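K.L.:
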């Protein structure tokens, strides 16, 4: 896949995820923290934090979506940063899944892991291609 295509796919999926997290913040808080039996205040706080997280997902999605028109080398750098960020966020989700009572959705964690891997591979290919191109120009 090209850098532009990967930025588009990740941007769109993060945008949809952000909208889902924003709209479903209360349901997510209720289900993810069910083992803690949160009261109405706890669910409200969780919902507000999920709304903030949803807006941040939308922010990153917009950055990635607008980065599609960058030159491949610059787009590859944006993609590398986004992929590392997604990998860190996903690792945190797995950490919570295995060490706490919080229950993040496994399908989402798997999807984000795949996106991080595809993004990293594509970014590395872009960087490798640019290194070869600049060596040929020298």
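Residue numbers (my numbering): -6 to 131.
Every residue gets a Cβ at the ideal spot worked out from N, C-alpha and C, and that includes glycine.
Bear in mind that the values here come from a model prediction, so they are computed numbers and not experimental data.
Determine the DSSP secondary structure at residue 96, reduced to helix, strand or coil.
P.N.:
Reduced to three states, the DSSP call for residue 96 is coil.
K.L.:
Does the beta-carbon of residue 105 have 16 or more other beta-carbons within 10 angstroms, so that it is buried, or is it exposed?
P.N.:
When all chains shown are included, residue 105 counts as buried.
K.L.:
Straight-line CA distance for residue 19 to residue 98?
P.N.:
The alpha-carbon atoms of residue 19 and residue 98 are separated by roughly 15 Å.
K.L.:
What residue range is occupied by the uninterrupted alpha helix (DSSP H) comprising residue 15?
P.N.:
Residue 15 -> alpha helix (DSSP H) spans -4 to 16.
K.L.:
Report the CB separation of residue 95 from residue 15 in whole angstroms; it is logged as a contact under 8 Å.
P.N.:
No, residue 95 and residue 15 are not in contact; Cβ-Cβ is about 19 Å, not under 8 Å.
K.L.:
In the DSSP assignment, the alpha helix (DSSP H) including residue 44 goes from what residue to what residue?
P.N.:
Looking at the DSSP string, the run of the alpha helix (DSSP H) that includes residue 44 is 33 to 59.
K.L.:
Should the segment 55 to 66 be called in touch with the segment 28 to 36, which here means at least 3 C-beta pairs below 8 Å?
P.N.:
Segments in contact, no.
K.L.:
Could you tell me whether the segment 63 to 75 touches the segment 112 to 123, using the rule of 3 or more Cβ pairs below 8 Å?
P.N.:
Touching, yes.
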